[in-house]
Structures are given as structure tokens and as C-alpha cells.
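When we follow full-length UniProt numbering, the leftmost residue of the sequence shown carries the number 1, and every step to the right adds one.
Glycine included, each C-beta is placed from N, C-alpha and C at the ideal position.
Note that the structure is a prediction, hence the values are computed from the model and not measured.
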Amino acid sequence: MANITDVSRLANVSKATVSRVLSGSRGVREESRLAVLQAAEQLNFRPNATARSLATQATDCIGIILSPQLGNRLASMLPLLEGALAKAGKSMLVRFADEAQQQQLAVDELLGGRCDGVLVIGAKQSMNQDERLLQLDGVSDSSNFNLCYDLTFATESACRFLLGKGHRQMVLMLDDKLSPAGKSAIQGYQQALQQQSLPYNSQLVIDGTDNQQALLGLLNRYLPFTALVVQQDAQAADAMRLLREFNLNIPQDVSVISLEGSALADQLTPPLTCIEYPSERLAQESVRVLQAQLTQSLRPADEQQKFHGRLMVRESVVAR
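So this is what it looks like as C-alpha cells:
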């Protein structure tokens with residue numbers, strides 16, 4: 001196996017020059033740089049990651065902090081992030097943290113020398129200002145850049161789709177009505193109703209932390225509804241099962257639409273209509289923006305960058 005000495009001999013330069021070229025340092029003549037790169041390619045030389053990190057003071061590792069409660073979305077996001085990071089020559093170190101304090105401790109640990117940068121998915125509070133930090137779908141203020149799925153747009157789009165099918169009584173099931181994501185979804189729900197001059201009924205907006213209990217409470221109050229909008233596909237699966245136990249057919253009696261669109265959507269009966277979470281675009285943009293911040297070619301923005309989902313029509317919604 002070739003080493004740095006072999007490369008320096010073939011390129012006819014010093015080992016220090018080889019090290020500077022392979023670490024991307026400046027101050028090397030173009031002739032020498034090309035000779036080193038050609039020699040390294042000819043010898044199929046790949047510098048040891050540990051040695052490279054010592055030379056460059058970089059780990060080429062990006063930390064990913066996220067909640068295990070992300071469920072089906074987690075299954076799609078991690079492989080996409082890993083692929084995008086691999087294309088950028090970076091590896092990935094994952095930490096699971098659910099509470100705000102745990103998330104901040106994980107950020108401090110990873111930025112303490114283990115990772116060059118950190119992506120926090122679903123932060124429960126705004127993180128300390130740091131150009132090495134990027135938030136995805138998290139609570140943010142003007143101190144940190146935050147990429148996010150536009151839940152207001154997604155919810156409004158889902159409701160307008162249902163309204164176009166003749167539905168007027170629509171239930172909105174959320175993870176947490178009081179969370180920033182919950183408030184964004186309610187805003188979209190209200191906007192869709194206002195466009196049709198329909199009243200807003202807060203009783204039709206429920207917390208889905210305990211999916212079955214929330215929907216059971218609604219059914220026991222005999223509140224009429226013909227459609228259900230859920231934040232996650234897993235909530236749709238639970239709701240469909242419970243509705244059938246009450247002899248309600250999907251979609252003939254109750255249409256169901258989700259704001260997630262994971263792999264689970266195709267596996268349900270009937271297949272679930274969704275506003276699909278833009279996993280691939282968010283993964284690619286997260287890596288691009290974080291890299292730009294790390295190289296100081298992009299300063300953290302003072303506002304969120306929002307991404308829209310797309311409507312995927314399947315079989316869980318029918319016209320009234």
C-alpha cells in the first residue's frame with residue numbers, strides 16, 4: 001500500500017509539500033500541486049483520515065442530532081443525509097436526543113472536537129449562535145439558520161384539496177397543538193377555512209400524542225366530520241383502524257390525508273393521500289448550507305428557509 005513517502009518520491013517534492021497539497025493548504029506552486037495529485041492518483045494513495053484531521057484541524061465528520069420520535073420520516077432522512085454527506089467527502093455521526101437540554105448537551109459534545117459541524121433535526125428550543133450549527137424543522141430565532149418544511153402551506157394545501165372534494169367538516173390531528181409546528185399547521189387550517197368563508201371550530205383540532213384516545217374522544221362527542229388531516233402517517237394508520245372499529249369506512253365515510261408521506265403511506269389500506277415531506281430536497285440543502293457556513297461563504301440567515309411538500313393523490317380521499 002502506497003504511503004506519503006512514495007508519493008513525494010514519485011512527484012519529486014518533499015513530504016511536507018504532499019501534506020499541504022492533500023490537505024488543501026495554500027502556498028504550493030501549481031506545478032508541484034499537479035505533480036502531487038498525479039502521483040497520488042497513479043499510486044491510488046488515499047491519506048489516512050486521522051492523519052488528515054491532525055494536519056487540517058478538521059474531522060470531516062458532521063454530527064446529526066434528532067429525536068427518535070420522528071418515526072417514519074427518520075427512516076428516509078438518515079440515508080439521504082448520509083448520501084449527500086458522502087458526496088461532499090464527509091462522514092456522519094448520529095446522536096438521539098428528545099428533550100431540549102439533551103439536544104443542547106449533544107450539540108456541545110459534538111462541536112467540542114468530534115465534528116466540524118452539526119445538524120439538529122427538530123430542535124425543541126433555539127440553539128446557541130454558532131456558524132457550525134444548522135437546524136432543520138426546529139425552533140429558531142434570528143441567531144441561527146433554520147431550514148424547515150412549510151407546515152402552514154402543507155396544511156392549507158391538504159384542506160383546500162378536501163374542500164375541493166366537497167368536505168366541510170375536517171378534523172386536524174397534530175402532535176402538539178401548542179408547539180411551533182402545531183401553530184403553523186393550525187394557521188394553514190384556518191386560512192383554508194377563511195378562503196371558503198367557513199367557521200373555525202377549535203373542537204375539530206386535536207392533539208395526536210395518544211392517537212386513539214384523541215380520536216376516541218372526538219367520536220364520543222358525536223361531532224360530525226367527513227375528513228381527517230393528520231401530521232404523521234402513523235397517526236393515519238391508528239385512525240383508520242379505530243374508525244373501522246366504529247363501522248366507519250375509509251374513504252367512503254371519512255377521507256384521510258397526511259402531511260408526511262413516508263413509505264408507510266403506500267402500505268396502508270387504502271393507500272394514503274399525502275402532502276409529501278420533501279426529504280431529498282431538505283437533505284441536500286442541509287448539507288449544502290452547512291458546508292457553506294463552515295467555509296464562511298455563507299453567514300447564517302436571519303430567517304427560515306421554507307420548503308413546500310407536493311400532493312400525492314392515492315385512494316384515501318373521495319368526493320362528498
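Cβ pair residue i, residue j closer than 8 Å
i      : j      : result
Phe43  : Leu10  : The question names Phe, but residue 43 in the sequence shown is Leu. Yes. Within cutoff.
Cys159 : Val229 : yes
Ala234 : Asn72  : yes
Gln231 : Glu260 : yes
Leu282 : Leu85  : no
Val205 : Lys183 : no
Ala88  : Val289 : no
Phe307 : Pro271 : no
Ala181 : Leu151 : yes
Met127 : Gln104 : yes
Pick from the options that is closest to residue i, judged by C-alpha positions
i      : options                           : result
Ser262 : Ser157, Asn220, Leu178 and Met312 : Met312
Ile275 : Asn3, Val120 and Ala265           : Ala265
Gln196 : Met127, Asp6 and Gly166           : Gly166
Gln69  : Val18, Met170 and Gly208          : Gly208
Leu102 : Ser67, Ala86, Glu30 and Val287    : The amino acid at residue 102 is misidentified as Leu; the sequence shows Gln. It is Ser67 whose Cα lies nearest to the Cα of Gln102.
Leu93  : Ala100, Val120 and Ser76          : Val120
Met170 : Ala97, Arg288, Val18 and Leu193   : Leu193
Ala319 : Glu99, Ser202 and Pro251          : Pro251
Leu268 : Glu280, Ala236 and Thr295         : Ala236
Thr295 : Arg20, Arg33, Phe45 and Ala58     : Ala58
Arg12  : Asn220, Gln291 and Ala39          : Looking at the sequence provided, one finds Asn at residue 12 rather than Arg. Looking at the Cα atoms, Ala39 is the closest of the given residues.
Own chain partners of residue i with C-beta closer than 8 Å, once the 5 adjacent residues on each side are dropped
i      : result
Leu216 : Leu242
Ile186 : Thr155, Leu172, Leu174, Lys177 and Val205
Same chain only: Cβ atoms within 6 Å of residue i, ignoring 5 sequence neighbours per side
i     : result
Lys90 : Asp60 and Ile62
Ile4  : Lys15 and Val18
Arg95 : Ile65 and Ala106
For residue i, the first and last residue of its enclosing alpha helix (DSSP H)
i      : result
Gly164 : Leu151 to Gly164
Glu31  : Glu30 to Gln42
Arg20  : Lys15 to Leu22
Leu290 : Ser279 to Leu294
Glu245 : Asp233 to Glu245
Own chain residues within Cβ distance below 7 Å of residue i, not counting five before or after
i      : result
Thr273 : Ile257, Met312, Val313, Arg314, Ser316 and Val317
Gln190 : Tyr200
Val28  : Thr17, Arg20 and Val21
Residue range of the unbroken beta strand (DSSP E) whose run includes residue i
i           : result
Gly63       : Cys61 to Leu66
residue 357 : No information on residue 357 is available, as it lies outside the stretch 1 to 320 that the chain covers here.
Ile250      : Neither: Ile250 is in no beta strand (DSSP E) and is coded neither H nor E.
Gly117      : Gly117 to Ile121
Can you confirm whether the region 153-167 touches the region 110-124 when touching is taken to mean that 3 or more C-beta pairs between the two stretches lie within less than 8 Å? Because the criterion of three Cβ pairs below 8 Å is not met, the region 110-124 and the region 153-167 do not touch.
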